[in-house]
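Q: Can you read through this structure? Questions will come right after.
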Amino acid sequence: MQLDDVVSSTVTGPRVEEAMYRSIRWLDRCIAAHQRPDKQNLFAIIQGGLDADLRATCLEEMTKRDVPGFAIGGLSGGESKSQFWRMVALSTSRLPKDKPRYLMGVGYVVDREARALWEVDSWGPPTLLGEVAFGGNGHRSDLRRLGRHGCPLGAILREYGPVWGSVRVGRGPGKPLRFSAPSRHGCNPSYATDLVVCVALGCDMFDCVFPTRTARFGSALVPTGNLQLRKKVFEKDFGPIDPECTCPTCQKHSRAFLHALLHSDNTAALHHLTVHNIAYQLQLMSAVRTSIVEKRFPDFVRDFMGAMYGDPTLCPTWATDALASVGITLG
Amino acid sequence: MKLSLTKVVNGCRLGKIKNLGKTGDHTMDIPGCLLYTKTGSAPHLTHHTLHNIHRVPAMAQLTLSSLAEHHEVLTEYKEGVGKFIGMPESLLYCSLHDPVSPCPAGYVTNKSVSVWSVAGRVEMTVSKFMAIQKALQPDWFQCLSDGEVSCKEATSIKRVRKSVDRSLLFLDNCLRLQEESEVLQKSVIIGVIEGGDVMEERLRSARETAKRPVGGFLLDGFQGNPTTLETRLRLLSSVTAELPEDKPRLISGVSRPDEVLECIERGVDLFESFFPYQVTERGCALTFSFDYQPNPEETLLQQNGTQEEIKCMDQIKKIETTGCNQEITSFEINLKEKKYQEDFNPLVRGCSCYCCKNHTRAYIHHLLVTNELLAGVLLMMHNFEHYFGFFHYIREALKSDKLAQLKELIHRQAS
């Protein structure tokens, strides 16, 4: 990657413009100094912050240079998701179709209101499915109704505090009841969503510290969000992180064992989760690729959002808007 | 379970323990060591990385101090700790304490013993202890015992006597409870020899414990530093002389290469492998030579290396690491030192471990300096492989009557 001048996406004013023009000049100097263009690929990095005009200028200039690929930079800071996707879309729309587009630092998020989603089976204990970004609040009366079904809500309340949320009632015996609740723990519920949406917007490659870092904090990524395995609710959960996952961790170990190991000082726990989170990521991108090749990517996106948010229509607004901009409608 | 001795030379026992485990088809070589684990997992290692190590022992050591707090979970799990931790094929030995973390004294009573976990103190009466073992279902377990004498400095003979009495009482009670449970009968109880530094009490403990139907013996209270072990070696010989030949003798808290050899010469069969873990935690790699018959060129090269290292060892500093305030021994090199920054040799030339086949000292140095978790993974892989290789060479030396050479080689390298 070229040496660039990056400013935080929350910075405004002349500094952003300065950094953008400097990055172009430094790109030229990198190209001139590059001694092994036949062995190493030098990528340009589009800057310009959250200013559409500046970014457009950067795109126009940098695409004049003959580089093997382009990175989209300056977008992994504390910007809102609404600004984020618009800058990604602007960038991909002006980058050549026959060269790779690398979105740098995807999935870093600040201040998301995460809510936990549970599946509550009338005849069994609740299983934490994952943590998910939700929109609004729900109705307390629904919660009381759940309580009467005899599931150990007390345990949930102790762990998570006051609970509220919209309740989807199943249609028939054995259908699980689902409800949401706020989570006290910070997490990024939208990491995988970012990946899928940005693929839709035309990005090819991504990098992020998130999956391995969150693993080291005891969080396992699953299709419905993530599992904070240090939590007491997993103490006696003898199933794997994800029954569909083929990674070594899921083949050999239970949530209960990982929970116990996470509370010890053996770093092996962190390695087990790291392996799983990387496998999750690889599997996700592989599924994305297959769906594109088989010409059913929009359906894939709808299924993905359904698993992550309970219903495709419940996915965050920014994602709905971004997908709509490329002709993918949800529900 | 059957222990067959191939030969006994100078007090060292060479042989095999056959028909081990629930299915009765495992074998262990003696002298040998047990795989050290923390909360049921080799430190730093997943199943995949552990299986990249050669000669991993057939039996792993679990500690009650890391597992007792999970009693309820294991009871509900029902299928035993081996399956729970993902090691269903391994033989398992459950010790009371973790040999790396010393136990605070003052917590043994006539009715209970306490272990110390991350969550705090777990107090166990005989019935609670046996209930926990019922949930764990290990192949072997150390009987509940009073080992406090080794935690304190000067112990009165009264206290020493009490440790022997209590341990025998615990043993008899545990045996009784075992008789009443089909599940517990599938596990073998290891009797614990106590007695501090008092010869009379040591002999009493050995003789009395040997009368009970235990599957083997744990020699407790010999842990400490090399000087304290030296003074206890005579006691050790006298104790093992009282024990039946056809049952295995384990020792707790002794893991250094020089100490291991001393104990083997005095009739000990099995050791814990926490020493390579301690070395790992201080960012060091085991480099001591145990090839007592190398080719002449190799000998010279090693000697030159050793001399350099000895010069640098002139000022042995106390290394503060995660929980191990121990001095670096002369069996290892400290990869944090600047001189390894551009040393592109493997940790040990000729070592067959994954780390030595794929990486350099310079790389490990870099990982340590940048605080990467991978440093621990790679060092643990090397240190375990090196240590297990050492035990293999002990057995080979005994087979070909070359133990004296091996002993001399190790002694030359001990500081």
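Chains as they are written, first to last, in our numbering: chain A, 1 to 331; chain B, 1001 to 1415.
Yeah, the Cβ is synthetic: ideal placement off N, Cα and C, and Gly gets one too.
These figures come from a predicted structure and were not determined experimentally.
(1) Which term fits A:Val209, buried or exposed, when burial requires 16 or more other beta carbons within 10 angstroms of its beta carbon?
(2) Under a Cβ-count criterion, where at least 16 other Cβ atoms within 10 Å of its own Cβ denotes burial, should B:Ile1017 be classed as buried or exposed?
(3) At the 8 Å Cβ level, is A:Ala192 part of the contact set with chain B, yes or no?
(4) Mind checking whether B:Tyr1093 and B:Leu1034 have CB atoms under 8 Å apart?
(5) If the cut is a Cβ gap below 7 Å, which residues of chain A does B:Leu1045 touch?
(6) What do you reckon, are the CB atoms on B:Ser1238 and B:Leu1270 nearer than 8 Å?
(7) For B:Tyr1277 and B:Gln1326, what's the separation of their Cα atoms in angstroms?
(8) Using a Cβ-Cβ cut-off of 8 Å, state whether A:Asp265 counts as contacting chain B.
(9) Tell me the residue span of the beta strand (DSSP E) that contains B:His1026.
(10) So, does the CB of B:Leu1235 fall closer than 8 Å to a CB anywhere in chain A?
(11) I want to verify the contact list: residues of chain A whose CB lies under 8 Å from the CB of B:Phe1084, in sequence order.
(12) Is B:Ile1017 helix, strand or coil when you go by DSSP?
(13) Identify whether B:Met1059 lies in helix, strand or coil by the three-state DSSP scheme.
(14) So what's B:Glu1337 in DSSP terms, helix, strand or just coil?
(15) Is the beta carbon of B:Ala1210 sitting closer than 8 Å to the one on B:Leu1233?
(16) Which whole runs of the alpha helix (DSSP H) in the region 250 to 306 of chain A are 4 residues long or more, in chain order?
(17) Classify B:Leu1020 as buried or exposed, calling it buried when 16 or more other Cβ atoms lie within 10 Å of its own Cβ.
(18) Comparing C-alpha positions only, which one of B:Pro1226, B:Glu1076 and B:Asp1139 sits nearest to B:Thr1023?
(19) Give the DSSP-derived three-state secondary structure of B:Gln1185 in the structure shown.
(20) To the nearest whole angstrom, what separates the beta carbons of A:Val67 and A:Leu50, a pair I think is in contact under 8 Å?
(21) Under the three-state reduction of DSSP, which class applies to A:Lys231: helix, strand or coil?
(22) Any Cβ of chain A within less than 8 Å of the Cβ of B:Lys1338?
(23) For the beta strand (DSSP E) holding A:Ile72, just list the boundary residues, first then last.
(24) Give the range of the beta strand (DSSP E) segment to which B:Met1001 is assigned.
(25) Would B:Val1183 be called buried (16 or more neighbouring beta carbons within 10 Å of its own) or exposed?
(26) Look at B:Val1009 and B:Asp1258 and say whether their C-beta atoms are less than 8 Å apart.
(27) Can A:Ala268 and B:His1044 be called in contact, C-beta distance under 8 Å?
(28) When DSSP labels each residue in this structure, what does B:Ile1190 get in the three-state scheme?
(29) For A:Phe43, which of helix, strand or coil comes out of DSSP?
(30) Across which residues does DSSP place B:Ile1251 in a beta bridge pair?
(31) With DSSP as the reference, please indicate the residues paired to B:Phe1271 in a beta bridge.
(32) Measure the C-alpha to C-alpha separation of A:Pro312 and A:Leu323 and round it to an integer number of angstroms.
(33) My output table needs one value for B:Arg1212: the three-state DSSP class, helix, strand or coil.
(34) Which residue from A:Val222, A:Tyr191 and A:Leu229 puts its Cα closest to that of A:Asp207?
A: Answer, in terms of the structure:
(1) exposed
(2) buried
(3) no
(4) yes
(5) One finds Ala268 in chain A with Cβ atoms closer than 7 Å to the Cβ of B:Leu1045, taken in chain order.
(6) Pairing B:Ser1238 with B:Leu1270 gives a Cβ-Cβ distance that is not under 8 Å.
(7) 12 Å
(8) yes
(9) His1026 to Ile1030
(10) Under the 8 Å criterion on CB atoms, B:Leu1235 is classed as non-interfacial with respect to chain A.
(11) Ser254, Ala256 and Phe257
(12) strand
(13) strand
(14) coil
(15) no
(16) 255 to 262 and 268 to 293
(17) Buried, by the Cβ-count rule.
(18) B:Asp1139
(19) Here B:Gln1185 sits in helix by DSSP.
(20) That pair is no contact at about 24 Å.
(21) coil
(22) Not one chain A Cβ lies under 8 Å of B:Lys1338.
(23) Gly69 to Ile72
(24) Taken as a continuous stretch (DSSP letters only), B:Met1001 belongs to no beta strand (DSSP E), as it is neither H nor E.
(25) Around the beta carbon of B:Val1183, fewer than 16 other beta carbons sit within 10 angstroms, so the residue counts as exposed.
(26) no
(27) yes
(28) strand
(29) Strand.
(30) B:Leu1219
(31) Answer is B:Cys1033, bridged to B:Phe1271.
(32) 12 Å
(33) Judged by DSSP in its simplified three-state form, B:Arg1212 adopts coil rather than helix or strand.
(34) For the options A:Val222, A:Tyr191 and A:Leu229, the alpha carbon positioned closest to that of A:Asp207 is the one of A:Tyr191.
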